[in-house]
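Since the structure comes first, as structure tokens, the remarks are kept for the end.
2 protein chains.
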Amino acid sequence: MKRTHAALALLVLGVTAMTAVSDEGMWLPNDPPREQLRAKYGFDLTDAWLKNAMLASVRLISGGGGGSGGFVSPDGLFVTNHHVAADSVQKLSTPGLDLYADGFYAVTRDGELKCPDLEINVLQEIADVTAEVNAAVKPDMKPAEAFAARRAVMSKIEKESLDKTGLRSDVVTLYNGGLYHLYRYKKYTDVRLVFSPEKAVAGFGGDVDNFEYPRMNLDVAFFRAYEDGKPARTPHFFRWSEAGPKENDLVFVTGHPGTTQRLETLARLKHRRDFTLPYTLARLRTLEAALLQYSEQHPEKRRQAATDLHSVANARKAFSGQLQGLLDPAVMWAKREAEIDLVLKANAPLNEPFETRPHFTDKNPRQKAGWALFGAIEEVAAIQKKYAAFEKEHALLEAGHAFFSPLFSTARHIVRLADELPKPSADRLREYRDSNLDSLKFSLFSPAPIYPELEKAKLTASLTFLAENLGGEHPVMDVVLGRDVFGGANPAQRAEGLVSRTKLSDPAERKRLVDGGKKAVDESKDPMILLAKAVDAEARKLRTRYETEVEEPERRAYAAIAEARFLTLGKSVAPDATFTLRLAFGTVKGYEVGRDEKLPFHTTFGQAFEKHAALGGREPFDLPKRWLDGKDKLDPATPFNFVSTADTIGGNSGSPVLNRAGELVGVNFDRNRHGLVRNFVYTDVQARHIAVHSRAVLEALRKLYPAAPLVKELTGK
Amino acid sequence: MKRTHAALALLVLGVTAMTAVSDEGMWLPNDPPREQLRAKYGFDLTDAWLKNAMLASVRLISGGGGGSGGFVSPDGLFVTNHHVAADSVQKLSTPGLDLYADGFYAVTRDGELKCPDLEINVLQEIADVTAEVNAAVKPDMKPAEAFAARRAVMSKIEKESLDKTGLRSDVVTLYNGGLYHLYRYKKYTDVRLVFSPEKAVAGFGGDVDNFEYPRMNLDVAFFRAYEDGKPARTPHFFRWSEAGPKENDLVFVTGHPGTTQRLETLARLKHRRDFTLPYTLARLRTLEAALLQYSEQHPEKRRQAATDLHSVANARKAFSGQLQGLLDPAVMWAKREAEIDLVLKANAPLNEPFETRPHFTDKNPRQKAGWALFGAIEEVAAIQKKYAAFEKEHALLEAGHAFFSPLFSTARHIVRLADELPKPSADRLREYRDSNLDSLKFSLFSPAPIYPELEKAKLTASLTFLAENLGGEHPVMDVVLGRDVFGGANPAQRAEGLVSRTKLSDPAERKRLVDGGKKAVDESKDPMILLAKAVDAEARKLRTRYETEVEEPERRAYAAIAEARFLTLGKSVAPDATFTLRLAFGTVKGYEVGRDEKLPFHTTFGQAFEKHAALGGREPFDLPKRWLDGKDKLDPATPFNFVSTADTIGGNSGSPVLNRAGELVGVNFDRNRHGLVRNFVYTDVQARHIAVHSRAVLEALRKLYPAAPLVKELTGK
């Protein structure tokens, strides 16, 4: 144990001192790690390789979540994970037709199933708009003005880009405020399900084996993008490798990592450890308990809650790992050292006494930045203290944790659209800017089914969690529990009343209210609309407070930190993840556990059958009937999953794993638990990402599934 | 919904105004509800009936939990619930021999299995010692002195009683400090398992149906008390009724309800709602998630964690119901009204202006008590504010929530015994008083198995919960995570180190350390002993703070409230439950749900088979093989479980349910969810306790189990 600690600490320190030796980094496509790849792997990252990787990579957005994928044919076919596809597959299922559990394959294109609200994005280009964004924010502006000015200029840039190119245009904040880049995406909203295996083999081992290795999961699914009712033309795609990767191969991961916190200050990480993570875990455990209890009542309820339960349990496990990481003295010690290291390096040439330094700051930008770093680090610490005073209320009422139901989020959007749309785009809450309206409405009017009993259970749990956090006397409880209107109810009774009387399950009613604008919303007696209206003033107040007391000051402070970092260390450290396209690289290799045990770089089909047998075929170790019946058809030595040292995080699910030739050799789907700490530090001591081997997919499709046309499309054979 | 609220509110108010009409009350055996029974049911509660009920009722204590039971033969045979027996049955199980899941029956007495640490108590007599206790506490004592004086006099009374009678002697605090009674018990520590059914039928419906009705559970188990290696002679026992109860029958419940909070002030209940219950639920959800994850890893791990998981899930569901109750405006409104009502009644004859009242207080005890009531209610409110400042730390470090493992509680007892035993009994922490030492050591040296991997999982979860609540910078974390000694570890690593290196799994090592006293403990390098020592100063400080800032002042305030209550309302309200013998009564009847649906007063065997079939025999709705195979042997119309309006709470599990003749017609095992609010208010609107029908037990034993000797012992046939 101690040996591992020390090794981890060294590697963590290596982040700043010896980047070249590690495989750290989720790199920007427009600032790729050419030197690192040449130095460590002798690989020449060409423009053509990069261009194909960018145009063949896919970002999925649906149901508030998202993931990654990659085109694998010129006809719009793309691969992702089964667990990324789950949201759509679940929405395509109905009582008695459980595609999520039982799988699906469309033998012909006519049979491909259109997803109710799945949008995919394909990055086309990136432009640096840092100067334009920063120019709009004057140094003497108060935080509220600065926030408004920044929001306005970002909306303006996006709107102009959309009008000019017709592409989805998002301004992305990098280095927590150090850079602003404009991302332009081609967008598809007609996406159809082609193939999805049974949940029992896609997620073999379930929550038990999530974030563990060895793994044996067929965690893949295939969709097809359509344009104008026809399969999209996608000349940039990844060729499916028949061979897959070998041990010690260099591989690349091209996907959309969601969020990391590696460049956050120590004070910010301590705030996460002592405040945000405990709150988050308490919330997830509350929801998980409620969903589990609901699931156990009846097989159909189990079906309804399956994907909610999976995502909550997955998040609970990921955040638990993060908390263990931040409670690990080795990790925190390394973060502290790294912070001190940056401060020392940034101020290295200045041996003058502190008091006289301001006189030097204008002469040399490096000196100025080094000096500003002290204040910025302190400022971030001070912001955390301010944030703690209202973080829970903000999360509960504005981020919506108190109202864990799409019925509420729908109601809130309807209420806010009525208030926001009459304003100029630049002045609106950011999600209602013109350039985002199409995507928002696509999701808002989704015909995906809603199950009232499930929503009652979720809402009961989250309303109860609200009461637990704010206390029964908090003024907002009068509104939320209806004490101000009808004498009130406890959370369970309130959830019952809200869900059984709202009409928002019907997309036509949502559309009627949105189209009817403020008048229609004001006249609505829908209890969910009334609730969303009743808490809106308080929620908006918390949002403004967050923007002006936390978000804007943090951006400024981090911009100063980034400035010092760039001038001192250059861009040798990639920005934290932002759910935008990144390129990671690593080596395919196993790792040691315990004194004498080494886990190999890949598992096999045979091991899946062995584990099924050893654990009595009991859920979640129950291979599907098709696999048990077809066992003899399969080569048990077929590689199933493999691991590499490449740097990934949540959001990378479904990411193509590529070889030097740019062929797809795997589909990333998980990290092991040693990798959970990667939110804060990169390490390759035991930490690995896990991918489905390209050969496993072909072997299963050829031998077990009646999917010859799909195999032909992937391989030409 | 509203109708029910109003009805509930009326009933709640009825508590003080119209006690005679409701079945409220867990009555003291020495102050039984003779008048209520005569008035409402025309039943004459004779001394002989009461004496038999008292001497045939059993209290079970094991593994930190407990329950109720009743002798059912003159040879020491007693019945309780399967879920009360679970702790012992689990401890008698081993890998490969799962008595908890698979059941057990000893055909001959030789085969009865001795439980490692089950103690049972049979109440022999009660004496009122209020005057003696109060005389020891002088009005001018400071809280710390008063607490010490009260503790000393209680220890003295208990010790003298033990020396005089040889009986276990406990001074019990009633009405939160209004009365002190001395309870004398006959104690048995040689208790053997006779019969336990399969978990799947004992707990049919599992967590899903826990606190629900209709229910179909064979939640019974039989033990036999032994004395001097022979079956105990128990001339007082309950005859087993072949017929069981009919609809509208009067029934009695004689058992040991654990705790209720009905006499607490409104401020205390709000503190529970906004502070204690949210904390408790967060803790239980944390433990439940950890135990579930552990269970799912392997069938053997599932077996190991089964009873921990059941008790945590059961508590989570009970406390969730309590929280919904305290968030119900109707309940809180009723509590407020009841408090105002008491204040008004207590001060009714005093029409003089407030300012002049103190002049009157010495003339009339009723006036004095009425006047003191104001201050006492305010004092309880003020105490809650003080408590909030350290309640979590107290619960985590002193109550031991941070260290959820018998290995830690064993270590703590060993460390504290070494410090406490040299002191005079009256000065020790209360659990180490002379009169309690035998029971403590019986539990401490238990040979029950301990599973290291399970303890690691539990300790990881609870250490993490500690960090979540106190934050990583809290000084105690340095000690708990070993940062002060070896550089530290995160909770998972720390739990691994503690459990894998402690020797306290071995009862001989525990005994060696206890026998070796302070010297042996000081020399021990056992990491669990070192941990218990390292946190002891802080834990004791929190305990003292609790005793002097909360416990003692609350006792005084509640004594004043009780005084006013007695003088105004008499003892028309029973004291809150204290895990001592109480008598409740009620009517066997079903209840309405929804507009037109009525649930009958009993369920049948047939319904169990129907539910099994309807839910596909999927756990927890999977009747055992014996039942499925033997279905045709059973009369499907056999009553299985029944409900009555009698007043019960947790701790009543296993309570005998008796008819007018004092025969056992059922074994209480649960409340429905409407009854969860009974911690705070009694209601019979839908709220019911649930019992196994006496006929169901006989039918199952006769037709399915090879248990003829047991049937003969119960029925003489």
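Listed in order, the protein sequences are those of chains A and B.
Residues in the first sequence are numbered from 1 upward in steps of one, following this note's numbering.
Residues in the second sequence are numbered from 1 upward in steps of one, following this note's numbering.
Note that the Cβ used here is the ideal one computed from N, Cα and C, for glycine as well.
All values reported here derive from a predicted model rather than from experimental measurement.
- Counted as a single uninterrupted DSSP element, the beta strand (DSSP E) harbouring residue 71/B occupies residues 65 to 71.
- In summary, the residues of the region 450 to 468 of chain A whose CB is separated from some CB of chain B by less than 7 Å are 464, 467 and 468, in the order they occur in the chain.
- Annotated three-state conformation of residue 586/B is strand, per DSSP.
- C-alpha of residue 442/A to C-alpha of residue 59/A: approximately 16 Å in a straight line.
- For residue 210/B, the nearest beta carbon of chain A is not closer than 7 Å to its own beta carbon.
- Contact between residue 588/B and residue 249/B is confirmed by a C-beta separation of about 5 Å, below the 8 Å threshold.
- Residue 507/A and residue 63/A have their C-alpha atoms some 15 Å from each other.
- Setting aside the 5 residues that flank it on each side, residue 26/A is surrounded in the same chain by 257, 574, 577, 582, 584 and 647, each with a C-beta closer than 6 Å to its C-beta; the list follows chain order.
- Take residue 457/A, set aside five residues on each side of it, and the residues of its chain with a beta-carbon closer than 6 Å to its own are 290 and 294, in chain order.
- Distance from the CA atom of residue 683/A to the CA atom of residue 24/A, rounded to whole angstroms, is 8 Å.
- Not a single CB atom of chain B sits nearer than 7 Å to the CB of residue 347/A.
- Pairwise C-beta distances place the region 108 to 126 of chain A in contact with the region 176 to 192 of chain A, as three or more of them are shorter than 8 Å.
- Here residue 268/A is buried, its C-beta having at least 16 other C-beta atoms within 10 Å.
- If you ignore the 5 residues before and after residue 598/A, its C-beta comes within less than 8 Å of the C-beta of 590, 591 and 592, all in its own chain and listed in chain order.
- Beta-bridge partners assigned by DSSP to residue 231/B: 226/B.
- A straight line joining the alpha-carbon of residue 556/A with that of residue 207/B spans about 51 Å.
- The beta strand (DSSP E) runs of length 3 or more contained entirely in the region 192 to 271 of chain A are, from start to end of the chain, 221 to 227 and 250 to 255.
- Contacts between residue 327/A and chain B, judged by CB atoms closer than 8 Å, involve 464, 467, 472, 481, 490 and 491 in chain order.
- Measuring C-alpha to C-alpha distances from residue 467/A to each of 201/B, 299/B, 277/B and 68/B identifies 277/B as the nearest.
- Bridge partners of residue 666/B according to DSSP: 657/B and 693/B.
- The three-state reading of DSSP puts residue 639/B in strand, counting E and B together.
- Per DSSP, residue 280/B lies in no beta strand (DSSP E) segment; the continuous alpha helix (DSSP H) that holds it begins and ends at 277 to 296.
- In this structure, 327/A is the residue among 427/A, 327/A and 680/A with its C-alpha nearest to the C-alpha of residue 493/B.
- Chain order gives no chain A residues near residue 511/B, where near means a beta carbon separation below 8 Å; the closest approach is about 31 Å.
- Interface with chain A (7 Å Cβ-Cβ cutoff): residue 673/B is excluded.
- For residue 57/A, the enclosing beta strand (DSSP E) has its first and last residue at 57 to 62.
- By the criterion of a C-beta distance shorter than 8 Å, residue 401/A is surrounded in its chain by 283, 395, 462, 465 and 466, once the five residues flanking it on both sides are discounted.
- Using beta-carbon distances, residue 484/A does not count as an interface residue toward chain B, since no partner is under 7 Å.
- Here the alpha carbon of residue 563/B sits roughly 7 Å from the alpha carbon of residue 178/B.
- For residue 87/A, the enclosing alpha helix (DSSP H) begins and ends at 82 to 92.
- Counting along the chain, the unbroken beta strand (DSSP E) around residue 127/A starts and ends at 119 to 128.
- Per DSSP, the beta bridge partners of residue 114/A are 192/A.
- Excluding five sequence positions before and after residue 322/B, the CB atoms of its chain that fall closer than 7 Å to its own CB belong to 277, 676 and 679, given in chain order.
- Between residue 533/B and the set 469/B, 488/B, 409/B and 634/B, the nearest pair of CA atoms involves 409/B.
- Assignment of residue 567/A by DSSP, reduced to helix, strand and coil, places it in the helix class.
- Considering only 338/A, 218/A and 167/A, the residue with the shortest C-alpha distance to residue 262/A is 338/A.
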